[in-house]
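In the UniProt record's numbering, the protein residues as written are 1 to 268.
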């Protein structure tokens, strides 16, 4: 179940790099407790959109509201930056690069807690986070190199959840993992959403991930949204030729890559 009120609203987002329109008038809403997927090929603008939402990129135009508060026009002071960071957290694709190899798992989790909630004893919260992502308390003393890829991504998820964000942005968060580990992480994320009511923004090229974990989906191409709607409808009855091309590009019996290449060329 999701709340009626949107927790995240993006309207008219634009971002250009010279003549290239990386994000071109992108708008969407994400309800509380819901999961929205943004799907498209490399260069579609999906990751730039995510980075604007998080605050890692500045939009040339448009607004991002979280809980009704405008993130694109927020204050520049330290307190304002920390408040914006607490509201939206991000999990990146590569679990091997997202953790500092020199510090333990426990220290990695204490860092955001100490930054956002100074003067507290965070021992119990660290243990709670490790339990929430399916890691035992002994993992707190481990260095990242002592963990598997799936375990590292669990730590990255725990670190993002530490400050209790309203929205978790997952940028190809399972793409670097083995298929069996992907399933475990996606199941974990489903459990966390059910338990906490957090909202997810999934950035992915993987239609299997979209089907598995999202309620709504946006399909992007050349920086613009070409189709959007409930995931079940878009995946079963696509209305835009590019969406149909993406679905037809998934290998299966009778798959014809040359026909797909010709259709891609036709779309331009």
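Where is the CB? At the ideal position from N, CA and C, for every residue including glycine.
Rounded straight-line distance, which links the Cα of residue j to that of residue i
i: residue 114; j: residue 194; result: 27 Å
i: residue 122; j: residue 110; result: 7 Å
i: residue 210; j: residue 250; result: 13 Å
i: residue 89; j: residue 54; result: 7 Å
i: residue 3; j: residue 56; result: Low confidence applies here, because residue 3 scores a pLDDT of 47, under 50, leaving its location unreliable; read the following figure in that light. So the two alpha carbons sit approximately 27 Å from each other.
i: residue 8; j: residue 182; result: 26 Å
i: residue 129; j: residue 161; result: 8 Å
i: residue 171; j: residue 139; result: 24 Å
i: residue 208; j: residue 28; result: 22 Å
i: residue 265; j: residue 255; result: 17 Å
i: residue 70; j: residue 237; result: 35 Å
i: residue 133; j: residue 156; result: 10 Å
i: residue 215; j: residue 227; result: 14 Å
i: residue 230; j: residue 187; result: 20 Å
i: residue 253; j: residue 247; result: 14 Å
i: residue 263; j: residue 245; result: 8 Å
i: residue 44; j: residue 137; result: 41 Å
i: residue 46; j: residue 68; result: 23 Å
Among the options, the one whose alpha carbon lies nearest that of residue i
i: residue 107; options: 86, 58, 127; result: 127
i: residue 212; options: 95, 185, 196, 123; result: 185
i: residue 24; options: 7, 31, 8, 52; result: 52
i: residue 145; options: 65, 162, 95, 166; result: 95
i: residue 85; options: 166, 177, 63; result: 166
i: residue 116; options: 80, 98, 130, 104; result: 80
i: residue 175; options: 130, 64, 233, 91; result: 91
i: residue 267; options: 253, 30, 242; result: 242
i: residue 59; options: 47, 196, 72, 187; result: 72
i: residue 154; options: 189, 180, 169, 120; result: 189
i: residue 31; options: 198, 261, 232; result: 198
i: residue 102; options: 68, 143, 136, 66; result: 143
i: residue 178; options: 191, 192, 151, 26; result: 151
i: residue 11; options: 62, 48, 42; result: 62
i: residue 83; options: 259, 148, 112, 261; result: 112
i: residue 147; options: 234, 192, 97; result: 97
Cβ neighbour criterion (16 or more within 10 Å) applied to residue i
i: residue 77; result: exposed
i: residue 141; result: exposed
i: residue 100; result: exposed
i: residue 1; result: Because the pLDDT of residue 1 is 41, which lies under 50, any placement of that residue in the model is unreliable, and the number read from its coordinates should be weighed accordingly. With fewer than 16 other Cβ atoms within 10 Å, it is exposed.
i: residue 159; result: buried
i: residue 164; result: exposed
i: residue 15; result: buried
i: residue 239; result: exposed
i: residue 5; result: exposed
i: residue 169; result: buried
i: residue 232; result: exposed
i: residue 257; result: exposed
i: residue 87; result: buried
Paired residues, beta bridge with residue i - DSSP
i: residue 28; result: 10
i: residue 171; result: 203
i: residue 61; result: 14
i: residue 218; result: 38, 228
i: residue 70; result: 65
Would you call the region 197-210 and the region 34-42 in contact, with 3 or more CB pairs under 8 Å?
-> Because the criterion of three Cβ pairs below 8 Å is met, the region 197-210 and the region 34-42 touch.
Are there three or more Cβ pairs, one per stretch, closer than 8 Å when the region 10-27 is compared with the region 209-223?
-> At 8 Å Cβ cutoff, the stretches touch.
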